[in-house]
Amino acid sequence: MTLKLILIGIGFWFFFEGAIYAVAPEFMRRMADYLSRMPGREIALAGIGSAAIGAILIVIAVRWL
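Below, the structure is given as structure tokens:
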């Protein structure tokens, strides 16, 4: 994996996260309020699930595309 590819991935991450806040700020505010009331364990499990899906997508992209 090259530095260029890593920077492109990080750039896409910032772009999409910023776009969500720009397009739907009230939705993001409600999500932040919802997350503040969730138990930490549920948030951690959601994070682990999201990381696992991301890792699987990376493996698929690197090996088969």
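Residue numbers (the working numbering): 40 to 104. We treat Cβ as the ideally placed atom computed from N, Cα and C, and that holds for glycine.
Taken through DSSP and simplified to helix, strand or coil, Leu-96 comes out as helix.
Assigned with DSSP and collapsed to three states, Leu-74 falls in helix. The DSSP-derived three-state label of Ala-90 is helix.
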